[in-house]
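For the protein sequence lines, the chains are V and Z, in the order given.
Numbering follows this note's numbering, with no gaps: position 16 of the first sequence is 174.
Numbering follows this note's numbering, with no gaps: position 31 of the second sequence is 189.
Even for Gly, the Cβ is constructed at its ideal location relative to N, Cα and C.
Computed from a predicted model, the values in this text were never measured in an experiment.
Shown next, in structure tokens, is the structure this report addresses.
Protein chains: 2
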Amino acid sequence: MTPALTPDLMTISDMCANFDVTPRTLRFYEAKELLSPLRIGTKRLFTKRDRARLTLILRGKRFGFSLEDIRQLLDLYDRDGSQETQLIRTYDVARARLAQMEQQRAELDEAIAELKGQLVWGAEVLASFRKAAAE
Amino acid sequence: MTPALTPDLMTISDMCANFDVTPRTLRFYEAKELLSPLRIGTKRLFTKRDRARLTLILRGKRFGFSLEDIRQLLDLYDRDGSQETQLIRTYDVARARLAQMEQQRAELDEAIAELKGQLVWGAEVLASFRKAAAE
DNA sequence: CGTATCATTTACGTTAACGTCAACTGATCT
DNA sequence: AGATCAGTTGACGTTAACGTAAATGATACG
Numbered sequence: 159m160t161p162a163l164t165p166d167l168m169t170i171s172d173m174c175a176n177f178d179v180t181p182r183t184l185r186f187y188e189a190k191e192l193l194s195p196l197r198i199g200t201k202r203l204f205t206k207r208d209r210a211r212l213t214l215i216l217r218g219k220r221f222g223f224s225l226e227d228i229r230q231l232l233d234l235y236d237r238d239g240s241q242e243t244q245l246i247r248t249y250d251v252a253r254a255r256l257a258q259m260e261q262q263r264a265e266l267d268e269a270i271a272e273l274k275g276q277l278v279w280g281a282e283v284l285a286s287f288r289k290a291a292a293e
Numbered sequence: 159m160t161p162a163l164t165p166d167l168m169t170i171s172d173m174c175a176n177f178d179v180t181p182r183t184l185r186f187y188e189a190k191e192l193l194s195p196l197r198i199g200t201k202r203l204f205t206k207r208d209r210a211r212l213t214l215i216l217r218g219k220r221f222g223f224s225l226e227d228i229r230q231l232l233d234l235y236d237r238d239g240s241q242e243t244q245l246i247r248t249y250d251v252a253r254a255r256l257a258q259m260e261q262q263r264a265e266l267d268e269a270i271a272e273l274k275g276q277l278v279w280g281a282e283v284l285a286s287f288r289k290a291a292a293e
């Protein structure tokens, strides 16, 4: 069993199992100052706060934010999570990102449409090949 | 004026202007064997074929193909552009890529939806802030 | 002849997000 | 003690698609 995570501290392998990331990733995030686990001697112990942050980090990645973007957002949450101006800034960043994503989706849609067109053409060429071969 | 592109040959800067790419890009593509311009002495002269290929390269990039993917597709076109099996292979690659893109689009849609949800929440928090400040 | 412009080759630099060793250190189990 | 883990730091490797700089060559103009 896991050593009974008394004050909800988790070892690096607990974290890996729970969040499906590698140790390298967690150390990397620490180096990037996205996480700051406690130390007992040399070993890392991840707190509830670290877990909350990691959750946000992974969500941010799903949104396509870079780690640097994420770090800045986390900093904003931290510094004075309750300052209205900070919240507004976070909100704006997210909205901008949303706009980007919708733009990206539009481009993707265009590319899909174009590629579909090419496929239709390809199918026609193939069909005419078979016709020619059948005579 | 451009030296009257007699047998439709273009210099590197003509190409850059026409396709909106840098010289570095064209040399890079040549190194990757995507293009194979003629040489007069040391200088490159791009033929009609090079331009056709570049068009396909750029289109491929819009589709999200890697240069390596594109090179292979171009090779297929070349080797025996009229062999049915080659055409089929090209067709299949394109279809697979289309599937990828539609998958990607689905994920993007999900992320957009989730992010929109977060934004709504963020807006609510902001609203409650203003309410609190107004009292 | 001088210079201005365009081109060429070579080769190292860049960015992101980790992967993959290597070489240890400690703790634990037997 | 010996062996076995789990963990640590450090450092170089990876991938894609070029950017950028340095040194040199070719050509045309006046």
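Notebook entry, point to check: At a Cβ threshold of 7 Å, is Z:L256 touching chain V?
Noted result: For Z:L256, the answer is yes, since a Cβ of chain V falls inside 7 Å of its Cβ.
Check: At a CB-CB cut-off below 8 Å, which residues of chain V make contact with Z:L276?
Finding: Strictly speaking, residue 276 of chain Z in this sequence is Gln, with Leu absent from that position. Going along chain V in sequence order, the residues near Z:Q276 (Cβ under 8 Å) are A252.
Margin query: I'd like to know if the region 241-254 of chain V and the region 243-259 of chain Z are in contact, where contact means that at least 3 CB-CB pairs between them fall below 8 Å.
Written below: They do not touch, by the three-pair rule.
Margin query: To the nearest angstrom, how far is the alpha carbon of Z:R288 from that of Z:A281?
Written below: Between Z:R288 and Z:A281, the C-alpha separation is close to 11 Å.
Check: Does any residue of chain Z bring its CB to less than 7 Å from the CB of V:P161?
Finding: Here V:P161 scores only 44 on pLDDT, less than 50, and its place in the model is too uncertain to base an answer on.
Margin query: Quick check: the Cα distance between Z:A269 and V:F221, rounded to an integer number of angstroms?
Written below: Z:A269 and V:F221: Cα-Cα distance of roughly 6 Å.
Notebook entry, point to check: So, using beta-carbon positions, are Z:L167 and Z:L203 closer together than 7 Å?
Noted result: Inclusion of Z:L167 and Z:L203 in the CB contact set at 7 Å is warranted, their separation being smaller than that value.
Notebook entry, point to check: Which partner residues of V:L203 appear in the DSSP bridge assignment?
Noted result: When DSSP reads this structure, V:L203 sits in a beta bridge with V:L196.
Next item on the list: Would you mind stating whether V:L192 and V:I170 have Cβ atoms separated by less than 7 Å?
Entry: In this structure, V:L192 sits away from V:I170, with a CB-CB distance that is not shorter than 7 Å.
Note to self: Taking the straight line between their C-alpha atoms, what separation do you get for V:A175 and V:R197?
What the structure shows: Spanning the two alpha carbons is a distance of roughly 20 Å.
Note to self: Taking 6 Å as the cut-off, is the C-beta of Z:E282 nearer than that to any heavy atom in the ligand PLP?
What the structure shows: As far as ligands go, the structure on display features none, and thus does not contain the ligand PLP.
Note to self: Against chain V, with Cβ distances strictly below 7 Å, would Z:L214 count as a contact?
What the structure shows: By this cut-off, Z:L214 is not an interface position.
Notebook entry, point to check: Closest Cβ-Cβ distance between V:I228 and chain Z: below 7 Å?
Noted result: The Cβ of V:I228 sits no closer than 7 Å to any Cβ of chain Z.
Check: Whose CA, out of V:M173, V:R182, V:F186 and V:R255, lies closest to the CA of V:R207?
Finding: When each option's Cα is compared against that of V:R207, the closest is V:M173.
Margin query: In the DSSP output, what is V:M168 paired with across the bridge?
Written below: The partner list for V:M168 (beta bridge, DSSP) reads V:F204.
Next item on the list: Count the other C-beta atoms from every protein chain shown that fall within 10 angstroms of the C-beta of Z:A292, then say buried if there are 16 or more, exposed otherwise.
Entry: Counting Cβ neighbours within 10 Å, Z:A292 comes out exposed, since fewer than 16 surround it.
Item checked: Cβ of V:G280 within 7 Å of any chain Z Cβ -> Yes, its Cβ sits closer than 7 Å to a Cβ of chain Z.
Notebook entry, point to check: So which residues of chain V does Z:F177 contact, with C-beta pairs closer than 7 Å?
Noted result: Taking the beta carbon of Z:F177 as reference, no residue of chain V falls within 7 Å; the closest one sits roughly 18 Å away.
Next item on the list: For V:M259, return the contacting residues in chain Z, with the cut-off set at a CB-CB distance below 9 Å.
Entry: Simply L266, A269, I270 and L273.
Item checked: Burial state of Z:R211 (16 or more Cβ within 10 Å) -> Burial call: buried.
Checklist line | Closer than 8 Å at the beta carbon, the chain Z residues around V:Y235 | finding: For the C-beta of V:Y235, not a single chain Z residue is nearer than 8 Å; the gap to the nearest is close to 12 Å.
Margin query: Using 7 Å as the threshold, is the C-beta distance between Z:D229 and V:L266 below it?
Written below: For clarity, residue 229 of chain Z is Arg in the given sequence; the question names Asp instead. At least 7 Å separates the beta-carbon of Z:R229 from that of V:L266.
Note to self: Are the CB atoms of Z:L232 and Z:K190 within a distance shorter than 7 Å?
What the structure shows: Annotated as distal: Z:K190 and Z:L232, with beta-carbon spacing of 7 Å or more.
Margin query: Which residues in chain V have a C-beta closer than 9 Å to the C-beta of Z:F204? List them in chain order.
Written below: For Z:F204, none of the residues of chain V pass the 9 Å Cβ criterion, the least Cβ distance being about 24 Å.
Next item on the list: Residues of the region 183-207 of chain Z with a CB closer than 7 Å to any CB of chain V: list them in chain order, please.
Entry: Taking 7 Å as the Cβ-Cβ cut-off against chain V, none of the residues of the region 183-207 of chain Z qualify.
Next item on the list: Answer yes or no: does any C-beta atom of chain V fall closer than 7 Å to that of Z:L167?
Entry: Not one chain V Cβ lies under 7 Å of Z:L167.
Item checked: 6 Å CB neighbourhood of Z:R237 in its chain, flanking five on each side removed -> If the five residues before and after Z:R237 are omitted, its C-beta is found closer than 6 Å to no C-beta atom of its own chain.
Next item on the list: State the Cα-Cα distance for the pair V:T205 and V:K219, rounded to the nearest angstrom.
Entry: If you take the alpha carbons of V:T205 and V:K219, they lie about 21 Å apart.
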